[in-house]
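**Student:** Structure in structure tokens, see below.
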Amino acid sequence: MKIGNIEIKRFPLLLAPMEDITDRSFRQVCKDFGADILYTEFIASEALIRNVEKTLKKLAIDDHERPVGIQIYGHRIDAMTEAAKIAQEAKPDLIDINYGCPMKKIANRGAGAGMLKDIPKMIKMTRAVVDAVDLPVTVKTRLGWDSDNLIIDEIAEELQDTGIKALTIHGRTRTQLYKGISDWSLIGKVKNNPRIHIPIIGNGDIKDGESAQEKIDKYGVDGIMIGRGSIGRPWIFKEVRHFLENKKKLSEISIQEKTEIARDHFKRSLELKEDKKGFYEMRRHFALYFKGLKNFKPLRLKLLTSMDADEINNILDLIKEQYREN
Ligand SMILES: Cc1cc2nc3c(=O)[nH]c(=O)nc-3n(C[C@H](O)[C@H](O)[C@H](O)COP(=O)(O)O)c2cc1C
2 MKIGNIEIKR FPLLLAPMED ITDRSFRQVC KDFGADILYT EFIASEALIR
52 NVEKTLKKLA IDDHERPVGI QIYGHRIDAM TEAAKIAQEA KPDLIDINYG
102 CPMKKIANRG AGAGMLKDIP KMIKMTRAVV DAVDLPVTVK TRLGWDSDNL
152 IIDEIAEELQ DTGIKALTIH GRTRTQLYKG ISDWSLIGKV KNNPRIHIPI
202 IGNGDIKDGE SAQEKIDKYG VDGIMIGRGS IGRPWIFKEV RHFLENKKKL
252 SEISIQEKTE IARDHFKRSL ELKEDKKGFY EMRRHFALYF KGLKNFKPLR
302 LKLLTSMDAD EINNILDLIK EQYREN
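Read in order, the letters of the sequence shown correspond to residues 2 to 327 in the numbering used here.
Following this line, the structure appears as structure tokens:
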């Protein structure tokens, strides 16, 4: 797959942009497990152009992550073009525009998935961002606003004509939020439109190698993007790759390995975050790394409340010890 001059020589597995999840530490862990393209969490154009410090920090990327995209969103074209230029200075490999976020405070303002209600503006904004930067620009969106407005197959060509270099489609509408099962049939329709020549990346509900393989076989997408399936399971990229290459499942990861992955992730989180943020932001990940362990409640509570790195590392040792048989 080629996105502008970024070439991925094997079937591409992409880490989905996820707010408060895909920070540098998590991106790097996923990269180590073979994610081919990474994205920052979405970054508000309005905050970028106002130099909000917290937002500017989200632009930080390391060379180790490449190729990596910075995702931006907003409802004003001027703000988006300015934000794209600011993002470009952080030297990502691409800029991605978010037209998929369903959150009320964003979509109801006309940003994120809200743009699916104003296609002329979406096209104008996309073209303006493409023209504003020298990097490849990509778009990530949904099937449409709601089930009465499944428009992605109608607008994909128009989006392509703006000069974007790839299109990622999450197989849900805005009103579905994250509920129900994603519908990939329209993603397949876009992919199989003979006039579409940019890569089409499918997204929604990839949980393992089998689900990835099934979507590739059925819909012919050029790449697969994985979101929730990677939280607490960043090794999913290795699992899926193994399945695609060998047509069989990789054996289940042991608790010992999980513990060391979580420890490495935690270490990076502390190194890359200021103040206490490294602790806070690991909590959601820790909860999912060890989801389903029997009688885990007391250790879980400690793990999710401790603000002491040594204590957390000791808890990880304890998990390793207590669940040895797993
Ligand atoms: C916690 C969370 C945060 C998300 N944040 C973003 C975001 O910042 N930008 C974006 O384009 N999509 C975001 N998404 C949507 C995902 O990128 C993805 O499209 C969606 O979760 C469906 O893929 P999945 O079934 O593999 O999770 C987010 C999803 C979750 C669960």
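For glycine and all other residues, C-beta sits at the position ideal for the given N, C-alpha and C.
#1: Using a Cβ-Cβ distance cut-off of 7 Å, determine whether M19 contacts chain C.
#2: Please confirm whether any heavy atom of ligand 1 lies closer than 6 Å to the CB of A310.
#3: Where does P195 land, buried or exposed, given buried means 16+ other C-beta within 10 angstroms?
#4: Let's see if you can read the secondary structure: which residues bound the alpha helix (DSSP H) around I170?
#5: What is the rounded straight-line gap between the Cα of K106 and the Cα of H76?
#6: Closer than 6 Å: is that where the CB of F43 sits relative to any heavy atom of ligand 1?
#7: By the 10 Å Cβ neighbour count, where 16 or more other Cβ atoms means buried, how is I182 classified, buried or exposed?
#8: If you reduce the DSSP assignment to three classes, tell me which class T139 lands in.
#9: Around the Cβ of N247, are there at least 16 other Cβ atoms within 10 angstroms (buried) or fewer (exposed)?
#10: Go through its chain and collect everything with a Cβ distance to I4's Cβ below 7 Å, but skip five positions before and after it.
#11: Could you pull out every unbroken alpha helix (DSSP H) segment of at least 4 residues lying fully inside the segment 286-325, listed in chain order?
#12: With DSSP as the reference, label D97 as helix, strand or coil.
#13: In chain order, what residues have a CB nearer than 7 Å to some heavy atom of ligand 1?
#14: Going by Cα to Cα distance, which pick from E54, D149, L144 is closest to A157?
**Tutor:** On the basis of the data shown:
#1: The structure shown has no chain C; it contains just one protein chain.
#2: No heavy atom of ligand 1 is found nearer than 6 Å to the CB of A310.
#3: Exposed, because fewer than 16 other Cβ atoms sit within 10 Å of the Cβ of P195.
#4: Run containing I170: none in the alpha helix (DSSP H); it sits in the beta strand (DSSP E), 167-174.
#5: Distance between the alpha carbons of K106 and H76 is about 12 Å.
#6: For F43, the Cβ falls inside the 6 Å cut-off from some heavy atom of ligand 1.
#7: Burial call: exposed.
#8: When DSSP states are grouped into helix, strand and coil, T139 belongs to the strand group.
#9: exposed
#10: L95, P137, T139, K166, A167, P200
#11: 298-304, 310-323
#12: Strand at D97.
#13: Any heavy atom of ligand 1 counts here; residues with a Cβ closer than 7 Å to one of them, in chain order, are A17, P18, M19, E20, D21, I22, E42, F43, Q72, N99, G101, C102, K141, H171, Y179, S183, N204, G205, D206, I207, M226, I227, G228, R229, G230.
#14: L144
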